[in-house]
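See structure below.
Numbering (the working numbering), first residue to last: 1 to 425.
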């Protein structure tokens, strides 16, 4: 039977030769990822009530990223509880190393064909590596930690094919904002969204991670990209393994829930108006909008390549009067690499404030939350009302390139105006 990538992974986890969309199966979980906010403080009381331990501590990864750096009494208390739980339960623990969706793959925990659950809505990021990864709540996570299994309804696959190549100044973030505008935030129908086509194959792993991450904004359960040589090279480079990845691909003739074919070469940089990613439009059509804060952060906008591209635009330039640029690198490793290459120095010379490697403002944590009536242009995945601070604040979404260009002009700006020969973006 011709099968989709999603069906192949789920069938393997269920111990079946094949599965069909709509079937409900019980599947073995290869890895469970939890973080400080929804992790130990939520799941441990349930485990204690059940009187059980972990199904396999070697298949659990804990990452602190929400309450980092613990600059409030509550945050410090939760981080201490998280650290103690990691010691007691003897699980892999990455403490303050960055956002969970970036740290998990860069530490080699993922590989093609795995079934992975995460205690966060942006867990579909793992799909960039050919793993079926999706987010679940604390109660369901406690069940997984206790049994190592989960039941799920086999999804249909929505195949999104991007033909051609992206133009300079257009990133994966622009792809996702355009899709949110075109399909809406329920366009994924809680199915498996799979990205394919020439444009996708040409993307780096960090760019692919942005696509899979924002399958959540499309309303998909998972965001998949079939593994290839780029995937294998990345995983080997971080000390992991791609395993036998070549069979994890959607077969010709496999049943699809939908198939969208789009032209990558025609795509322009995008922005999304408050208060939804679905309010997307080409940057050239955006109304004249000024703002007080430009934010380069989050798992969709502050990885190494995001930082590199934004710095290429900012190099030798200063921020517009009245604009505060805040930069929160997505991981410690990405920040260290950026520092070694002089990228972080560019931000500092431009007058940016460097924030911790954490979810921070994106998830409404920390001391830099947006104040009353503040307008912000942000590289985050979401701009829901009140998510990043005061309910009266307004957030425009954009790629890190567009955020950087806008920080220079003080208004929403097209990053292509700042691209010059030799700039990689």
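Glycine residues also receive a C-beta, built at the ideal position from the N, C-alpha and C atoms.
Residue pairing by DSSP places residue 28 opposite 149 in a beta bridge. Between the region 153 to 169 and the region 16 to 33 there are three or more inter-stretch CB-CB distances shorter than 8 Å, so the stretches are counted as touching. Here the alpha carbon of residue 371 sits roughly 21 Å from the alpha carbon of residue 277.
For residue 159, DSSP records a beta bridge to 194 and 259. The Cβ atoms of residue 161 and residue 196 lie closer than 9 Å to each other. Taking the Cα positions, residue 350 is about 15 Å away from residue 339. If the five residues before and after residue 137 are omitted, its C-beta is found closer than 7 Å to no C-beta atom of its own chain. When DSSP states are grouped into helix, strand and coil, residue 85 belongs to the helix group. Here the region 356 to 375 makes contact with the region 311 to 328; the two share three or more CB pairs at distances below 8 Å. Close CB contacts of residue 346 within its chain, under the 7 Å cut and outside five residues either way in sequence, are with 311, 314 and 315 (chain order). In the three-state reduction of the DSSP assignment, residue 62 falls in the strand class, which pools E and B. About 4 Å separates the CB atoms of residue 270 and residue 177; that is less than 8 Å, so the two are in contact.
Burial of residue 66 is indicated by the presence of at least 16 other C-beta atoms within 10 angstroms of its C-beta. Residue range 100 to 106 is occupied by the alpha helix (DSSP H) that includes residue 100. For residue 375, the secondary structure class from DSSP, reduced to helix, strand or coil, is strand. Sequence-distant Cβ neighbours of residue 384 in its own chain, meaning closer than 6 Å and more than five residues away, are 275. Comparing alpha carbon positions, the residue from 356, 251, 412 and 395 closest to residue 373 is 395. Boundaries of the beta strand (DSSP E) harbouring residue 281: 280 to 282, taken from the DSSP string.
Its chain contains 164, 165 and 167 as the residues whose beta carbon lies nearer than 7 Å to that of residue 265, once the 5 sequence neighbours on both sides are disregarded; these appear in chain order.
Only residues of its own chain outside the window of five on either side were considered, and among them 64 and 68 have a CB closer than 6 Å to the CB of residue 96, listed in chain order. In this structure, the alpha-carbon of residue 35 lies about 13 Å from that of residue 84. The distance from the Cβ of residue 258 to that of residue 99 is about 30 Å, inconsistent with a contact at the 8 Å cut-off. When secondary structure is reduced to three states using DSSP, residue 73 falls in the helix class. Across the set 294, 104, 408 and 253, the C-alpha of 104 shows the shortest separation from the C-alpha of residue 209. Within the same chain, and ignoring the five residues on either side of residue 302 in sequence, the residues whose Cβ sits closer than 8 Å to its Cβ are 296, 327, 328, 329, 330, 334, 379 and 400. The Cβ neighbour count for residue 141, taken over all protein chains shown within 10 Å, is at least 16; the residue is labelled buried.
The alpha carbon of residue 207 has as its nearest neighbour, out of 305, 182 and 193, the alpha carbon of 305. Of all alpha-carbon atoms in 80, 89 and 61, the one lying nearest the alpha-carbon of residue 53 is that of 89. Inter-residue distance for residue 8 and residue 248 is about 7 Å (C-alpha atoms, whole angstroms). DSSP, read as helix, strand or coil, puts residue 326 in strand.
Residue 267 holds the alpha-carbon nearest to the alpha-carbon of residue 172 among 234, 267, 51 and 220. Residue 272 has its alpha-carbon roughly 34 Å from the corresponding atom of residue 79. Here the C-alpha atom of residue 226 lies approximately 7 Å from the C-alpha atom of residue 5. A Cβ-Cβ separation of about 4 Å places residue 133 in contact with residue 116 under the 8 Å criterion. Beyond the five residues adjoining it in sequence on each side, residue 184 comes within less than 6 Å, by CB distance, of 278 in the same chain, given in chain order. Straight-line spacing of the CA atoms in residue 244 and residue 38 works out to 33 Å.
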